[in-house]
Structure formats: structure tokens, C-alpha cells
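Novice:
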Amino acid sequence: MRLYLLPISTRRTLLYCQKLQPPSASAASAITGSSPSTPTSTKQKQSWGDYIQTKAALTWASWEKKESGWQKSVVGYGNHLLRKLPYEEWALKSVPPLTKARQRQLEAFVQEQAQEQGGFEKESSAEAEKGGKRGKVLDVGKVEVVYPGGLITAERVPRILHKLATEREGHHKKWFWYCLAGMPVTIPIGILPLVPNLPFFYLCYRAWSHHRALSGGKHLSYLLQHPSRLLSYTPSPILDEVYSTQRFPLPFTPEPTTGPEAETVKHPDPAKVVEAMNGKNTSSTTEKTVGGVNLGHVLEEGEVENGEVMLLSQENAKKMVKLLDVPELEVELERAIWQVETAVEKKNREIGAAVKVSAPTVDESKKEKAQ
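Here the UniProt record's numbering is used: the first residue of the sequence shown is 1, the next is one more, and so on.
#1: In the DSSP assignment, find the unbroken alpha helix (DSSP H) run with Q246 in it and report its ends.
#2: Can you give me the start and stop residues for the alpha helix (DSSP H) that R159 sits inside?
#3: Count the other CB atoms, across all protein chains shown, that sit within 10 Å of the CB of H80; report buried if there are 16 or more and exposed otherwise.
#4: Please classify S94 as buried or exposed, where buried requires at least 16 other C-beta atoms within 10 Å of its C-beta.
#5: To which residues of the same chain is R159 closer than 7 Å at the C-beta, ignoring the five residues directly before and after it?
#6: Can you have a look at V331 and say buried or exposed, based on whether 16 or more other CB atoms are within 10 angstroms of its CB?
#7: Would a C-beta distance cut-off of 9 Å place Y233 and Y147 closer than the cut-off?
#8: Just tell me which of G216, S236, N316, P188 has its CA closest to the CA of E89.
#9: Hey, which unbroken runs of the beta strand (DSSP E) at 3 residues or more fall wholly within the segment 167-247?
#10: Given a threshold of 16 other Cβ atoms within 10 Å of its Cβ, counted over all protein chains shown, does V157 qualify as buried or as exposed?
#11: Among A336, A317, V195, T10, which residue has its Cα nearest to the Cα of I152?
#12: On the CB-based measure, 16 or more other CB atoms within 10 Å of its CB, does S236 come out buried or exposed?
#13: Can you check DSSP and say which residues form a bridge with S9?
#14: Need the endpoints of the beta strand (DSSP E) that E263 sits in, please.
#15: Taking all protein chains shown into account, decide if V195 is buried (16 or more other Cβ within 10 angstroms of its Cβ) or exposed.
#16: Assuming the contact rule is C-beta atoms closer than 8 Å, L92 and L161 should be a hit. Round their C-beta distance to whole Å, please.
#17: Would you identify the three-state DSSP class for L15, choosing helix, strand or coil?
#18: My output table needs one value for T153: the three-state DSSP class, helix, strand or coil.
#19: If you check the beta carbons only, do L224 and F176 fall under 9 Å apart?
#20: Excluding the 5 residues flanking E341 on each side, which residues of the same chain have their C-beta closer than 8 Å to its C-beta?
#21: Would you tell me roughly how many angstroms separate the C-alpha atoms of L198 and Q115, rounded to the nearest one?
#22: Restricting to Cα atoms, I'd like to know which of V185, K322, P96, G259 is closest to E241.
#23: Could you tell me the alpha carbon to alpha carbon distance between H210 and H172, rounded to whole angstroms?
#24: For G135 and R104, I'd like the C-alpha separation in whole angstroms.
#25: So, using beta-carbon positions, are I8 and L312 closer together than 9 Å?
#26: DSSP three-state label for V340, please.
#27: Determine the contact status of P193 and I351, defining contact as a CB-CB distance below 9 Å.
#28: Note down, in chain order, each residue of its chain lying with its Cβ closer than 7 Å to the Cβ of residue 376, except the 5 sequence neighbours on either side.
#29: Assign P256 to one of two classes, buried (16 or more other C-beta atoms within 10 Å of its C-beta) or exposed (fewer than that).
#30: What span of residues does the beta strand (DSSP E) with E88 cover, start to end?
#31: Exposed or buried, what is Y87 when buried is set at 16 or more other beta-carbons lying within 10 Å of its beta-carbon?
#32: In this structure, how does DSSP classify V143 when only helix, strand and coil are distinguished?
#33: For the candidate residues G78, K347, A317, whose alpha-carbon lies nearest to that of E334?
#34: Between R349 and chain D, is any beta-carbon pair separated by less than 9 Å?
#35: Provide the residue(s) that pair with R2 in DSSP beta bridges, ordered along the chain.
#36: Give me, in chain order, the residues of the same chain whose beta-carbon lies closer than 6 Å to that of G182; leave out the 5 immediate sequence neighbours on both sides.
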């Protein structure tokens, strides 16, 4: 698999896991140096979870094709709800669960690297046949982490990954059990004729979704136990090109939408953002309005760094998907950008309301002057 770190704003970063195709039998034999065995079956065994997920996706797609009826209505409301699910949850769900077989492979890979770095001799052929299986260990390799080097330094990548893997762990645990507890309550609805028990199925989906997000976070946390041996950091010139060609202004709020513990991304050229936000007129008497909030002065670089600025537009996101050749990433970026833009607009409305409340009324200002 391959991980992408894609900053949406200076305070929020999207994580996406691209599932790579496993090597073919011929490629595996080339790595191990052995002759490929006669395949008994080219089809991989599908887990029950994957089977149910595939079946549900096919059913949902068939309902979307309906021209009318309750199925079409359910799909419309369902898609609206799914779009509002936090993009952070979708991000963790893109990371596959850490299976026991996968964990054993990673442990063997870490042990092998430790032996090589410590100057130990390579295991003998007899040991390899018995349990080492060096060829299979080589197949595991490191997980590549792709990120824009112009926005994120290699030293900060592990911190960002750790934050994304653990920050919502408590939330997912709590709501997983809440959904399980709510399922029996919805069972009587199934007695109604002709109507499926939609609340029950929704709670089933949400419980699975929270559990899957927890599993993805645990997989990331395990990789971060040995970051230098299991992760390979790759700054991407493609991502740098996309972010450097992003046109401003973009949505901005002088107060961040996240807490102070969030991992921030500093824009490499805040002066460029300030110039675009303020326009050509940079006079000190110019009042700058952002999201309906009158800042009362020209936007300065410090406010850009302390606030939150969008770094990616929907247009540039499509360009990124095309250049990376990862089509399944488009819907994840579209959802994340929409949610962050919505959060920025909401924060600006809150600031605007606070400004109106704190501003003295006309009568109050007259009383102050009279005194």
C-alpha cells in the first residue's frame, strides 16, 4: 500500500491509502529466485467483510439507477448523510486492517533489517526454508509515504501520521458501542410490512465504519512503532507543482477551525497569500473583510500563519488526481475540501456574530460620549 499526505488547509491534512496490486506469481518467483509453482487458483479468497461490503455497494448502485420509488429516495438521503461523515473517518477506513499474517510479515521484515544493520550474518538456506522465507519478507517492503516537500518536512511526517491515526480513537470507540447498543431498539421497526428496517441497517453500517476506522488507525500506529524501517518518506515533485500553482485567494479564517494541538502546515510563501487576499491595494487604512468579518485592517502574514488558509481548490484537486493517476482519490479530495471550506465559513460566521455582539449599539455609544 502507499500513503498520501495531502494538506487541505494550513490546519488540516487528508490521509489517503492507495491499495497496490500484489506482485504476480512470476514477479514473486523473480524476487525469491525460485521457479513459479503451478497455480491452483488465480482468485484470492475474499473475506466475509469484503463480501458484505461488495454486496452492499452493488445493491446501492442498483438503487441509484432507479428512476423513482423509495429506493431512489433512500439513496438520495443516504448520499447526503455519507457526504457529511468526517473525511478523517473515510481516511482511516482507506487503510486496510492489520491482519495477523501481515503483522508476522512486518515483524520478520523488521527483524531482518535489524540483523543486517547490526552486522549479523544472513540466515542460512536451511533456516530460510524452515521459517525465515526471505523472499516473502522482501515482498513486504516499506510502506511509501508520499507528501509535498514544499509544505511538509520529512521530520514532521511521523508526527502528522501519529496525530491522524490517534486523534479520533476515543470518538470511534464510543460511537461504535453506541451503535451496537442502538441496534436492538430498532428491531421492532422490521415488523412493518414492505419497508426495510433502515435505522437498523444504518446503525450496522455506522458500527462497521467506526470499527474499520479504528482498525486503520491501529495499522498506522503499528507502522509508526518502527518508522525508519517500515515507512519510506517520498517528497513528490508532482504535489509540489500542484500546490505551488494554486491560485489565491482561497477561503480563510483568522481563527483556526481546529484546536491548538493540531499539526499545522506552514505555507512556504505567506506573503503571496497576503497579497492575493488583500488585493492590489495594500494601504494600511484599507479594511479587509474575510467571510463577512471586517478585520478592520489589511491582512498581515502573522494572521495567515495563526489563522487557517485553504491550500487546495476543487479545480486543483482534479489536476492532482490526474497527475498522480489515482482516480479513486478524487471523491476523497472533493469531500475533504467541501468539509473544510464549510468549517471555515462556519468559523467566520461565528466570528462575525461575536463582533456584532461586542460592538456597542448607537444608543450605548451616545451614552458613553455624554458621560
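Note that the Cβ used here is the ideal one computed from N, Cα and C, for glycine as well.
Specialist: In terms of the structure at hand:
#1: As a working mapping, residue 246 is identified with position 246 in the sequence shown. That residue, Q246, is in no alpha helix (DSSP H); it is neither H nor E in DSSP.
#2: One-based indexing of the sequence shown puts residue 159 at position 159. Taken as a continuous stretch (DSSP letters only), the alpha helix (DSSP H) holding R159 covers 157-166.
#3: Numbered from its first residue, the sequence shown carries residue 80 at position 80. Per the 10 Å Cβ criterion, exposed.
#4: For the purposes of this step, residue 94 is taken as residue 94 along the sequence shown, with counting starting at 1. With 16 or more Cβ atoms within 10 Å of its Cβ, S94 is classed as buried.
#5: In the sequence shown, residue 159 corresponds to position 159, counting from 1. E263.
#6: Here the question's residue 331 lines up with position 331 in the sequence shown. Classification of V331: exposed, given that the 10 Å Cβ count is below 16.
#7: In the sequence shown, the residue the question calls residue 233 occupies position 233. In the sequence shown, the residue the question calls residue 147 occupies position 147. Yes, Cβ-Cβ distance for Y233 and Y147 is below 9 Å.
#8: Along the sequence shown, one-based indexing puts residue 89 at 89. That would be G216, whose Cα lies nearest to the Cα of E89.
#9: 231-235
#10: For the purposes of this step, residue 157 is taken as residue 157 along the sequence shown, with counting starting at 1. Flag for V157 reads buried.
#11: In the sequence shown, counting from the first residue as 1, residue 152 sits at position 152. Selected option, being the one with the closest Cα: T10.
#12: Sequence index remark: in the sequence shown, residue 236 carries index 236 (1-based). Classification for S236: buried.
#13: In the sequence shown, residue 9 corresponds to position 9, counting from 1. S9 is bridged to M310.
#14: Here the question's residue 263 lines up with position 263 in the sequence shown. Element bounds for E263: n/a, residue is neither H nor E.
#15: As a working note, residue 195 is residue 195 in the sequence shown. By the 10 Å Cβ count, V195 comes out exposed.
#16: Taking the first residue of the sequence shown as 1, we reach residue 92 at position 92. Taking the first residue of the sequence shown as 1, we reach residue 161 at position 161. About 11 Å separates the two Cβ atoms, so there is no contact after all.
#17: On the sequence shown, residue 15 is found 15 positions in, with the first residue counted as 1. If DSSP states are grouped into helix, strand and coil, L15 belongs with the strands.
#18: Residue 153 sits at position 153 when you count from the first residue of the sequence shown. DSSP places T153 in coil when its eight states are reduced to three.
#19: Residue 224 sits at position 224 when you count from the first residue of the sequence shown. Residue 176 sits at position 176 when you count from the first residue of the sequence shown. Not closer than 9 Å, so no.
#20: Residue numbering aside, residue 341 sits at position 341 when the sequence shown is read from its first letter. So the qualifying residues of the chain are P251, M310.
#21: Counting from 1 along the sequence shown, the entry for residue 198 is found at position 198. Counting from 1 along the sequence shown, the entry for residue 115 is found at position 115. If I take the Cα positions, the gap works out to 55 Å.
#22: Against the sequence shown, residue 241 aligns to sequence position 241. It is K322.
#23: By 1-based counting over the sequence shown, the position of residue 210 is 210. By 1-based counting over the sequence shown, the position of residue 172 is 172. Each residue's Cα considered, the two are about 5 Å apart.
#24: Here residue 135 refers to the residue found at position 135 of the sequence shown. Here residue 104 refers to the residue found at position 104 of the sequence shown. For G135, the predicted model reports a pLDDT of 41, less than 50, meaning its position is unreliable and no value from the coordinates is stated.
#25: For the purposes of this step, residue 8 is taken as the residue at position 8 of the sequence shown. For the purposes of this step, residue 312 is taken as the residue at position 312 of the sequence shown. For I8 and L312, yes; Cβs fall inside 9 Å.
#26: Counted from its first residue, the sequence shown places residue 340 at position 340. It is helical.
#27: As a position in the sequence shown, residue 193 is number 193, starting the count at 1. As a position in the sequence shown, residue 351 is number 351, starting the count at 1. No, Cβ-Cβ distance for P193 and I351 is not below 9 Å.
#28: Residue coverage of the chain in this structure runs from 1 to 371, which leaves residue 376 outside it and unanswerable.
#29: In the sequence shown, counting from the first residue as 1, residue 256 sits at position 256. Flag for P256 reads buried.
#30: Sequence index remark: in the sequence shown, residue 88 carries index 88 (1-based). Run containing E88: none in the beta strand (DSSP E); it sits in the alpha helix (DSSP H), 87-93.
#31: Taking the first residue of the sequence shown as position 1, residue 87 is located at position 87. Buried: at least 16 other Cβ atoms inside 10 Å.
#32: The residue you call residue 143 lines up with position 143 of the sequence shown. DSSP places V143 in strand when its eight states are reduced to three.
#33: What you label residue 334 is simply residue 334 of the sequence shown in a count that begins at 1. It is A317 whose Cα lies nearest to the Cα of E334.
#34: Reference to chain D is not applicable here, since this structure consists of a single protein chain.
#35: Indexing the sequence shown from 1 puts residue 2 at position 2. Beta-bridge pairing links R2 to Q18, E144.
#36: Translated into positions along the sequence shown, residue 182 becomes position 182. So the qualifying residues of the chain are L203.
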